[in-house]
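Student: Before anything else, here's the structure in question.
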Amino acid sequence: MGHRAVRNRAAHLIGALALLLAALLPASAQAWGYFGHRTTAQIALANVRPETRAAIARLIAHEKELGTPECRMNDLADAATWPDCLRGAYWRWSYTFAWHYRTAPVCEAYDAKKHCSGGNCVTAQIERNFRILSDESLPANVRLEALAFMVHFAGDVHMPLHSGDKDDRGGNDRVTDYGIVPDLNLHSIWDTALAERAITAAEPPLVRRYSAEEKAALAGGGPAEWGRESWQIARDFVYPNAFDRDPCEGDLPDETALTQEDIVAAVPVVERRVTQAGLRIADLLDAAFAPGAASALP
Numbered sequence: 003m004g005h006r007a008v009r010n011r012a013a014h015l016i017g018a019l020a021l022l023l024a025a026l027l028p029a030s031a032q033a034w035g036y037f038g039h040r041t042t043a044q045i046a047l048a049n050v051r052p053e054t055r056a057a058i059a060r061l062i063a064h065e066k067e068l069g070t071p072e073c074r075m076n077d078l079a080d081a082a083t084w085p086d087c088l089r090g091a092y093w094r095w096s097y098t099f100a101w102h103y104r105t106a107p108v109c110e111a112y113d114a115k116k117h118c119s120g121g122n123c124v125t126a127q128i129e130r131n132f133r134i135l136s137d138e139s140l141p142a143n144v145r146l147e148a149l150a151f152m153v154h155f156a157g158d159v160h161m162p163l164h165s166g167d168k169d170d171r172g173g174n175d176r177v178t179d180y181g182i183v184p185d186l187n188l189h190s191i192w193d194t195a196l197a198e199r200a201i202t203a204a205e206p207p208l209v210r211r212y213s214a215e216e217k218a219a220l221a222g223g224g225p226a227e228w229g230r231e232s233w234q235i236a237r238d239f240v241y242p243n244a245f246d247r248d249p250c251e252g253d254l255p256d257e258t259a260l261t262q263e264d265i266v267a268a269v270p271v272v273e274r275r276v277t278q279a280g281l282r283i284a285d286l287l288d289a290a291f292a293p294g295a296a297s298a299l300p
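For any residue, its number in this note's numbering is found by taking its place in the sequence shown, counting from 1, and adding 2.
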């Protein structure tokens, strides 16, 4: 075997080991995944007004008032991952766990008002936390908590399997090989491995200042629309990509595999969703910190 072949083989093995180690991390560290959520926040921060950036910093100065020393919040990227870190204190924060998703069956007509009992779903909580963050009469720690939830959930709603479902808890129950890495699940692959590959391979980098034309093409809309987009991607791409068939033509097997061709096809889909999430978070933040208390989403 030549030196180049040896190096390529070693690179594949190192990548596989990294993915296997990631799969063994606690769930609180993985869900877009830690890297994905931090990236959406960094995109947002690069695209907000200077006044918004300063207002965020003023709120984050109240971080100790949250009473979560095990889940620190030193910047907006930390805020974007804070709601997942709370899973380590189930006794205190379990009421928030249903807020991360709103999975609707991909083989039923989409209804933006279903699957959100009592406002306990991701789209409703983006709106709720936007209103709390916007209310300048509320205490800083209350608004800071809302900031973290809003930024995180606006990221979550852009992950297709937080909105689309095929009787499998958004892909969590589908054992899926990721290339040469066996026995992951479809949801975790989209949350972590695919997001990390899309972000690190993007050219130009995803974290940058976007032009007005790019923002017009990628941003806009509101939580219900973002959820519908993700649901449609799950129905039209995620499940067909993973199972090589229409998900609505009968039951799907419990196990599948993403080939290298499947992975390559998925990367631009993930890249677009991460970018859209970041730019839309920027719009939410600019609107929430605009002078005067806002009462509705932009």
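A virtual CB, placed ideally from N, CA and C, is assigned to each residue, including glycine. Note that the structure is predicted; figures quoted are calculated from it, not measured.
Residue 51 and residue 288 look like a contact to me (Cβ under 8 Å); what is the Cβ gap, rounded to whole Å?
Tutor: At roughly 5 Å, the Cβ-Cβ gap stays under 8 Å, so residue 51 and residue 288 are in contact.
Student: Tell me which same chain residues have a C-beta within less than 8 Å of the C-beta of residue 75, skipping the five on either side of it?
Tutor: 62, 65, 68, 81, 84, 146, 150.
Student: Between residue 221 and residue 281, is the Cβ-Cβ spacing less than 8 Å?
Tutor: Yes, Cβ-Cβ distance for residue 221 and residue 281 is below 8 Å.
Student: State the beta-bridge partners of residue 178 as determined by DSSP.
Tutor: According to DSSP, residue 178 bridges with 186, 258.
Student: For residue 202, count neighbouring Cβ atoms within 10 angstroms of its own Cβ and tell me buried if that reaches 16, exposed if not.
Tutor: The residue is exposed, with fewer than 16 neighbouring Cβ atoms inside 10 Å.
Student: Candidates 192, 229, 170: which alpha carbon is nearest residue 271's?
Tutor: The shortest C-alpha separation from residue 271 is found at 192.
Student: Quick one: is residue 198 buried, meaning 16 or more other Cβ sit within 10 Å of its Cβ, or exposed?
Tutor: Its Cβ being crowded by 16 or more others within 10 Å, residue 198 is buried.
Student: Got a sec? Which residues, its chain only, sit under 8 Å from residue 30 by beta carbon, not counting five neighbours each side?
Tutor: Here residue 30 scores only 35 on pLDDT, less than 50, and its place in the model should not be relied on; the value that follows carries that caveat. So the qualifying residues of the chain are 86, 87, 88, 89, 90.
Student: Going by DSSP in three states, residue 280 sits in which element: helix, strand or coil?
Tutor: In the structure shown, residue 280 sits in a helix (DSSP, three-state: H, G or I).
Student: Between residue 196 and residue 238, what straight-line distance do the alpha-carbon atoms span, to the nearest angstrom?
Tutor: Each residue's alpha carbon lies about 17 Å from the other.
Student: What number of angstroms, rounded off, separates the C-alpha of residue 260 from the C-alpha of residue 186?
Tutor: The straight-line gap from Cα to Cα measures roughly 11 Å.
Student: Between residue 158 and the rest of its own chain, which residues show a CB-CB distance below 7 Å, the 5 nearest in sequence each way excluded?
Tutor: Correct list, in chain order: 102, 103, 124, 164.
Student: Along the alpha helix (DSSP H) that carries residue 300, what are the first and last residues, could you check?
Tutor: Where residue 300 is concerned, there is no enclosing alpha helix (DSSP H), given that its DSSP letter is neither H nor E.
Student: CB-CB under 7 Å to residue 292, same chain, minus the five flanking residues each way: which ones, in chain order?
Tutor: For residue 292, where only same-chain residues beyond five positions count, there are no Cβ hits under 7 Å.
Student: Touching or not, the stretch 170–185 and the stretch 241–257, by the rule of three or more beta carbon pairs under 8 Å?
Tutor: The stretch 170–185, when compared against the stretch 241–257, does touch it at the 8 Å Cβ threshold.
Student: Taking the straight line between their C-alpha atoms, what separation do you get for residue 274 and residue 166?
Tutor: Approximately 17 Å between the Cα atoms of the pair.
Student: Rounded to whole angstroms, what's the CA-CA distance from residue 39 to residue 77? Just pull it up for me.
Tutor: Whole-angstrom Cα-Cα distance: 13 Å.
Student: According to DSSP, residue 107 sits in a beta bridge with which residue or residues?
Tutor: Note: residue 107 sits in a beta bridge opposite 167.
Student: Reducing DSSP to helix, strand and coil, say where residue 225 ends up.
Tutor: Helix, per DSSP.
Student: Can you name, in chain order, every residue of its own chain whose Cβ lies under 6 Å from the Cβ of residue 127, other than the five neighbours on each side?
Tutor: Same-chain partners within the cutoff: 101, 155.
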